[in-house]
Amino acid sequence: MNTQAMEISTFTELLYAEAKPIWEKTHVHPFITGIANGNLPVSAFIHYMKQDYLFLQEYAKLFAIASIKATRLDWSGRFAQIMTSTLQEEMSLHREYAQRLGISHNELETAEPSFVMLAYTSYMLQVAHQGSLGEGVSALLPCMWSYQEIGKRLVQKPGVTNHPQYGEWVRMYSSDEFASSTNWVKGVLDEIARDSNEQERARMKQHFIATCKMEYLFWDMAYLEQVWP
């Protein structure tokens, strides 16, 4: 066994190692570097806001399903809390940005969903409905975790949290509250993995990597202001 393998002690650490090449590409994606440098075209950010607003409506449902499938009362309650936070705090940020960027409420609510947004959320919801709790959690985790990683890196850049356009976005995803929720979900997945057989862990890993790739494609879609390829 090599040294790197010996250092991996949890299932989520294994997933992180597997996903790292994808996430490193995300950190240098022009959408993310544009936020870091403050020169992301506003039109791309507007497109992202519209698509992410649609995305979050579907994403919140994943936590509702997890809350129902959870066999532990404390897990059920925390999943429900994260669902509420997604619908209220995250979507509130999007509505505030919409006002600032001149996006009407009707325009935000009736935006045409992009192919990537539809494919991504449809995949996660199918896994959540048809798979185990562990499979559903593994499919939803990359979104939270990758945003936490992005926020953690961006906040280290001087002045980025004070940028008049993108600073508030960076502050949300680099916040202790967001990190706390993400780390809790990671801990849940580690507990589930410890009690799962090899086949179940393989399915969870498959879903995790698939949605990591979809997360990258979401940034691509946003930057290109794409609806359908």
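Residue numbering for the sequence shown follows this note's numbering, beginning at 355 and increasing consecutively. We treat Cβ as the ideally placed atom computed from N, Cα and C, and that holds for glycine.
When you compare the CB positions of residue i and residue j, do they come within less than 8 Å of one another, or not?
i	j	result
residue 524	residue 400	no
residue 522	residue 447	yes
residue 477	residue 558	no
residue 417	residue 437	yes
residue 555	residue 365	yes
residue 433	residue 420	yes
residue 396	residue 580	no
residue 547	residue 402	no
residue 570	residue 376	yes
residue 529	residue 439	no
residue 474	residue 445	no
residue 429	residue 509	no
residue 483	residue 392	no
Determine the direct distance from the alpha carbon of residue j to that of residue i, and round the result to whole angstroms.
i	j	result
residue 563	residue 540	15 Å
residue 404	residue 511	26 Å
residue 496	residue 565	6 Å
residue 471	residue 513	31 Å
residue 479	residue 412	8 Å
residue 493	residue 561	5 Å
residue 485	residue 552	15 Å
residue 527	residue 507	10 Å
residue 355	residue 531	Interpretation of residue 355 is limited by its pLDDT of 38, a score under 50 that renders its predicted location unreliable; the figure taken from the coordinates is listed afterwards. Cα to Cα, the separation comes out at about 37 Å.
residue 538	residue 370	15 Å
residue 454	residue 368	41 Å
residue 431	residue 422	10 Å
residue 384	residue 464	27 Å
residue 459	residue 550	45 Å
residue 593	residue 394	Since the first residue shown for the chain is 355 and the last is 583, residue 593 is missing from the structure and cannot be characterised.
residue 379	residue 443	28 Å
residue 499	residue 374	12 Å
Could you round the C-beta distance between residue i and residue j to whole angstroms and report it? I think they count as a contact, below 8 Å.
i	j	result
residue 386	residue 573	7 Å
residue 481	residue 490	6 Å
Would DSSP call residue i helix, strand or coil?
i	result
residue 511	coil
residue 456	coil
residue 525	helix
residue 473	helix
residue 573	helix
residue 392	coil
residue 363	coil
residue 426	coil
residue 544	helix
residue 565	helix
residue 465	coil
residue 358	With a pLDDT of 45 at residue 358, under the threshold of 50, the predicted position of this residue should be treated as unreliable, though the coordinate-derived value follows. If DSSP states are grouped into helix, strand and coil, residue 358 belongs with the helices.
residue 382	coil
residue 551	coil
residue 481	helix
residue 450	helix
residue 413	helix
residue 492	helix
residue 370	helix
residue 501	helix
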